[in-house]
Amino acid sequence: MKYHFLVHKEENGFWAECIELSGCLTQAETAEELKSACFEALNLYLEEPQSSHIVFPLPQDITTCSKNILEIPVEPEIALAVLLRHNRSILNLTQKQASEKLGMKNVYSYQRLEKKSNPSLQMIKKITSIFPAIKLEMLF
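Counting from 1, position 70 in the sequence shown corresponds to residue 70 in UniProt numbering; the numbering is continuous, with no gaps.
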């Protein structure tokens with residue numbers, strides 16, 4: 001999963017804003033530092049507080065190559081959480097309903113999946129059977 005940042009050059013460095021995520025922006029002195037700052041800002045932005053109920057938009061499929069657009073990857077653990085929450089909301093499932101469909105004994109176990117987590121392959125298999133729109137290649 002990769003989001004896109006529009007890069008702006010200024011006198012003392014650079015700043016960039018995520019095209020798909022309003023309010024996700026960062027700055028740096030050099031272009032190389034900016035790429036690293038975008039990665040950090042993006043992953044922190046998507047790994048929002050536990051009390052949040054935000055469903056983030058998925059990245060756009062931007063095919064136009066431009067030197068002022070950076071394609072920044074999301075950490076796979078965070079990408080899974082974003083995809084899971086997004087697909088659960090599309091199916092109008094509560095966290096409790098999703099946990100039951102996955103065969104979990106309590107909702108807390110499911111809630112951990114909607115945060116940065118490292119589920120087993122068996123759990124990923126269950127997730128993709130309940131949410132077929134989630135493809136493994138989307139995580140990387």
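Using N, Cα and C, we set each Cβ at its ideal position, and we do this for glycine too. Small disclaimer: the values here were computed from a predicted structure and weren't measured.
Length of the line joining the Cα atoms of residue i and residue j
i      : j      : result
ALA16  : PRO57  : 18 angstroms
ALA31  : ILE130 : 41 angstroms
LEU34  : LEU70  : 10 angstroms
LEU21  : GLU100 : 31 angstroms
HIS53  : GLN95  : 11 angstroms
ASN106 : LYS126 : 16 angstroms
Terminal residues of the beta strand (DSSP E) in which residue i lies
i     : result
THR30 : Here THR30 belongs to no beta strand (DSSP E), and DSSP marks it neither H nor E.
LEU6  : 2–10
Delimiting residues of the alpha helix (DSSP H) encompassing residue i
i      : result
LYS126 : 121–130
PRO76  : 76–90
LEU113 : 107–113
ALA98  : 95–101
Expected contact under 8 angstroms - CB spacing of residue i and residue j to nearest Å
i     : j     : result
ALA41 : CYS24 : 6 angstroms
SER89 : VAL55 : 5 angstroms
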